[in-house]
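Chemist: In this note's numbering, the protein residues as written are 607 to 740.
1) With a threshold of 16 other CB atoms inside 10 Å of the CB of residue 686, please say whether the residue is buried or exposed.
2) On a Cα-Cα basis, can you pick out the residue from 616, 615, 632 that is closest to residue 608?
3) Grouping DSSP H, G and I as helix and E and B as strand, with all else coil, what is residue 672?
4) Suppose the cutoff is 6 angstroms on Cβ atoms and the five residues either side in sequence are ignored; what does the same chain contact list for residue 645 look like?
5) Taking 8 angstroms as the cut-off, does the region 672-681 touch the region 715-733 (at least 3 CB pairs, one atom from each stretch)?
6) Inspect the CB distances between the region 714-725 and the region 654-665 and report whether three or more fall short of 8 angstroms.
7) State the CB to CB distance for the pair residue 691 and residue 711, rounded to an integer number of angstroms; the pair is presumed to be in contact (CB under 8 angstroms).
8) By a C-beta neighbour count over all protein chains shown, 10 Å radius and 16 as the cutoff for buried, is residue 713 buried or exposed?
9) Mapping DSSP to helix, strand and coil, what is residue 697?
10) Quick one: grab the DSSP three-state call for residue 727.
11) Using the three-state DSSP reduction, which class does residue 617 fall into: helix, strand or coil?
12) Decide if residue 688 is buried, meaning its Cβ has at least 16 other Cβ atoms within 10 Å, or exposed.
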């Protein structure tokens, strides 16, 4: 089983778009490698509450030759947090040979350096996965 853990970054880089993309790319790689449990584990609590592990696995399990496209996203700040929203496209082949396409946004979040924030909150994590059949 390949390890898809995001590469460590300096604290400064970890707070930037580079930090968000490092986590996003690890998640995308996990899906492409069919390491769905590892990819799900990279999601934050809000995303896990939105989509159970079983639902997440069911979304991708029927697909082969999966590709996850995560081009550049948009950074924004709000109420003590930073958000990185990325339009995402997942393509794959179903077992019957037909093409499947899922599209939507993946939103990452980190709490800015706010007193009382936990170490986990200060790191980028996937807050929402909004993929739907295209």
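Cβ coordinates follow ideal geometry from the N, Cα and C atoms, glycine included.
Modeler: Reading off the structure:
1) Against the chain shown, residue 686 aligns to sequence position 80. With fewer than 16 other Cβ atoms within 10 Å, it is exposed.
2) By one-based count along the chain shown, residue 608 stands at place 2. Looking at the Cα atoms, 632 is the closest of the given residues.
3) Numbered from 1 along the chain shown, position 66 holds the residue referred to as residue 672. The answer is strand: DSSP assigns residue 672 an E or B state.
4) Here the question's residue 645 lines up with position 39 in the chain shown. Taken in chain order, the residues that qualify are 633, 636, 637.
5) They do not touch, by the three-pair rule.
6) Between the region 714-725 and the region 654-665 there are fewer than three C-beta pairs closer than 8 angstroms, too few to call the two in contact.
7) As a working mapping, residue 691 is identified with position 85 in the chain shown. As a working mapping, residue 711 is identified with position 105 in the chain shown. With 8 angstroms as the limit, residue 691 and residue 711 qualify as a contact, their Cβ atoms being about 5 angstroms apart.
8) The count along the chain shown starts at 1 and reaches residue 713 at position 107. The Cβ neighbour count for residue 713, taken over all protein chains shown within 10 Å, is at least 16; the residue is labelled buried.
9) Taking the chain shown and counting its residues from 1, one reaches residue 697 at position 91. It is a strand residue.
10) If you number the chain shown from 1, residue 727 lands on position 121. In the displayed model, residue 727 falls within coil according to three-state DSSP, outside both helix and strand.
11) On the chain shown, position 11 is the one that residue 617 refers to. Of the three classes helix, strand and coil, the one that applies to residue 617 here is helix, per DSSP.
12) Taking the first residue of the chain shown as 1, we reach residue 688 at position 82. With 16 or more Cβ atoms within 10 Å of its Cβ, residue 688 is classed as buried.
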